[in-house]
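Colleague: Shown below is the structure under consideration.
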Amino acid sequence: MYVGIFGDVIFSVGHLRVLTPSNFKGTTGANWAEHEVLGGKARAEYLSPKLREYTFDILLDAALGVNPRKMLNRLTEMSENGEIHYLIIGFAPVSQNKFRVTEISDSWDSVIKHGLLMQCKVSLTIKEYI
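Count along the sequence shown from 1, then add 846; that gives the number in my numbering.
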């Protein structure tokens with residue numbers, strides 16, 4: 847069953863394959879300027895919305911039908927090549943704008959004979975691209 851998509855990474859749940867984001871957290875806000883006033887309180891002026899930023903984890907597990915090394919390489923490639931993509935969860939984009947991968951960290955949980963990566967947890971940070 848389809849969960850979402852980021853570029854060519856398809857998040858899904860099925861009897862042969864499970865690849866889903868977890869611990870999904872987002873931040874947004876506004877940019878403000880403060881203007882000093884002689885003898886009075888500073889005045890605030892709204893400038894613009896901040897770029898949205900999301901962090902989430904992905905468990906890459908060979909037992910769940912995912913090739914951890916291949917997927918880790920693809921996510922790293924997205925980051926290092928400056929790729930931008932829409933993040934879609936369900937059937938709706940998270941934002942009207944695309945996102946870029948600003949940070950990726952990985953934790954190799956299980957490596958077996960001949961250095962075969964069996965399980966890896968990846969944490970992604972993506973930021974809106976305008």
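Ideal Cβ positions, reconstructed from N, Cα and C, are used throughout, including at glycine.
Kindly indicate which residue of Glu923, Gly875, Leu963 has the alpha-carbon position closest to the one of Leu893.
Modeller: Gly875
Colleague: Measuring only the C-alpha atoms, how far is Phe902 from Glu923?
Modeller: 18 Å
Colleague: Can you tell which of Asn943, Tyr848, Asp952 has its C-alpha closest to the C-alpha of Asp907?
Modeller: Per the Cα distances, Asp952.
Colleague: Which residue spans inside the region 925-962 form an unbroken beta strand (DSSP E) run of at least 3?
Modeller: 933-935, 944-958
Colleague: Looking only at its own chain, which residues have a Cβ that is under 7 Å from the Cβ of Asn877, when we skip the five neighbours before and after it?
Modeller: Leu893, Ser894, Lys896
Colleague: Give every residue of the same chain whose Cβ lies closer than 7 Å to the Cβ of Gly936, excluding the five residues on either side of it in the sequence, and list them in chain order.
Modeller: Hits under 7 Å: Gly850.
Colleague: Could you check which residue in Ala879, Tyr900, Arg898 has the C-alpha nearest to that of Ala890?
Modeller: Ala879
Colleague: Taking the DSSP output, what are the residues bridged to Phe852?
Modeller: Val855, Leu933
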